[in-house]
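Engineer: Pasting in a structure now, in structure tokens, and then I'll have a few things to ask.
Numbering (my numbering), first residue to last: 62 to 306.
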């Protein structure tokens with residue numbers, strides 16, 4: 062099955078205390094986005110689309126060494142809105158779309174290959190990469206159907222009930238979708254939530270409600286799905302990247 066990769070790289074990264082786009086902060090002398098793009102191209106996709114926004118020209122200039130297409134998200138109205146910007150680039154693409162975060166440099170190609178293989182084996186239209194976290198605070202929670210591979214719901218922490226907040230399985234922000242299903246569902250999502258944004262995770266609810274199979278694939282290594290939001294997390298990522306080498 063043909064593969065396209067969308068990399069989210071539009072964010073400002075306010076908690077980094079810098080005006081530099083978050084994906085251009087350096088870990089061991091390399092921008093975070095470089096690690097994600099290296100991993101993306103290791104999967105041999107047909108196309109890699111970079112979603113840019115905050116200081117978009119800086120991000121474009123920093124990634125000229127990669128064969129990427131760019132799509133501008135302006136204004137930034139959430140993760141679902143970001144992916145909507147890639148629709149024109151993908152045209153009538155009928156394959157699978159892998160969605161990665163430009164500020165999550167630790168995920169490795171083997172895990173992503175296993176995620177895609179699992180997605181195909183389960184005949185799913187959408188699959189989310191998850192992990193169990195000792196402290197899931199701040200992450201969206203993945204609610205499964207009776208502990209099966211099937212996902213009922215992905216709920217953001219701010220929208221979660223007390224019962225859902227107890228769940229330790231978290232959403233990594235890394236997904237694989239059937240392309241036509243993805244863009245059909247994106248056309249249906251709304252901003253009726255605590256953030257008044259288009260949540261990409263609402264695509265899962267739409268798929269489930271229409272009887273389509275939505276699954277979760279859990280990695281045994283929670284470290285590799287860590288996103289970088291603060292200088293402290295950046296230092297920890299540097300340590301883990303050196304350990305990988």
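Quick reminder that beta carbons are idealized off the backbone N, C-alpha and C, glycines included.
Just so it is clear, the structure is predicted and the values come from calculations on it, not from any experiment.
When DSSP labels each residue in this structure, what does residue 145 get in the three-state scheme?
Structural biologist: Three-state result, residue 145: helix.
Engineer: Given this structure, state the Cα-to-Cα distance separating residue 268 from residue 157, to the nearest angstrom.
Structural biologist: Cα-Cα distance, rounded: 15 Å.
Engineer: Helix, strand or coil for residue 127? Go by DSSP, reduced to three states.
Structural biologist: Of the three classes helix, strand and coil, the one that applies to residue 127 here is coil, per DSSP.
Engineer: Based on Cα-Cα distance, which residue from 142, 132, 149, 93 lies nearest to residue 123?
Structural biologist: It is 93 whose Cα lies nearest to the Cα of residue 123.
Engineer: Closer than 8 Å by C-beta to residue 292: which residues in its own chain qualify, once you throw out the five before and the five after it? Chain order, please.
Structural biologist: Cβ within range, chain order: 77, 78.
Engineer: Counting pairs of Cβ atoms below 8 Å between the stretch 89-104 and the stretch 183-195, do you hit three or more?
Structural biologist: Verdict: no, contact absent.
Engineer: Spatial neighbours of residue 225 within its chain, please: CB distance less than 7 Å, with the 5 preceding and 5 following residues excluded, ordered by chain position.
Structural biologist: Answer for residue 225: 202, 204, 216, listed in chain order.
Engineer: In chain order, what residues of the same chain have a beta carbon less than 7 Å from the beta carbon of residue 298, not counting five sequence neighbours either side?
Structural biologist: Once the five neighbours on either side are set aside, the close Cβ partners of residue 298 are 88, 166, 167, 287, 289.
Engineer: Excluding five sequence neighbours on each side, which residues of the same chain lie with their C-beta closer than 6 Å to the C-beta of residue 236?
Structural biologist: 160, 189.
Engineer: In terms of residue numbering, what span does the alpha helix (DSSP H) encompassing residue 236 cover?
Structural biologist: Premise fails: residue 236 lies in the beta strand (DSSP E), 230-239, not in any alpha helix (DSSP H).
Engineer: At the level of alpha carbons, what is the spacing between residue 193 and residue 103?
Structural biologist: Rounded to the nearest angstrom, the two C-alpha atoms are 26 Å apart.
Engineer: Using the rule of at least 16 other Cβ atoms within 10 Å of the residue's Cβ for burial, across every protein chain shown, is residue 115 buried or exposed?
Structural biologist: Buried, because 16 or more other Cβ atoms sit within 10 Å of the Cβ of residue 115.
Engineer: For residue 281, which of 175, 65, 149 has the nearest alpha-carbon?
Structural biologist: Residue 175 is the option with its Cα nearest to residue 281.
Engineer: So, using beta-carbon positions, are residue 274 and residue 211 closer together than 9 Å?
Structural biologist: For residue 274 and residue 211, yes; Cβs fall inside 9 Å.
Engineer: Considering just the uninterrupted stretch of the beta strand (DSSP E) at residue 71, what are its terminal residues?
Structural biologist: Counting along the chain, residue 71 falls outside any beta strand (DSSP E), and DSSP gives it neither H nor E.
Engineer: Let me make sure I understand the geometry here. Which of 232, 82, 133, 119 has the alpha-carbon closest to that of residue 67?
Structural biologist: Checking every option, the nearest Cα to that of residue 67 belongs to 133.
Engineer: From the DSSP output, which residues share a beta bridge with residue 212?
Structural biologist: In DSSP, residue 212 forms a bridge with 205.
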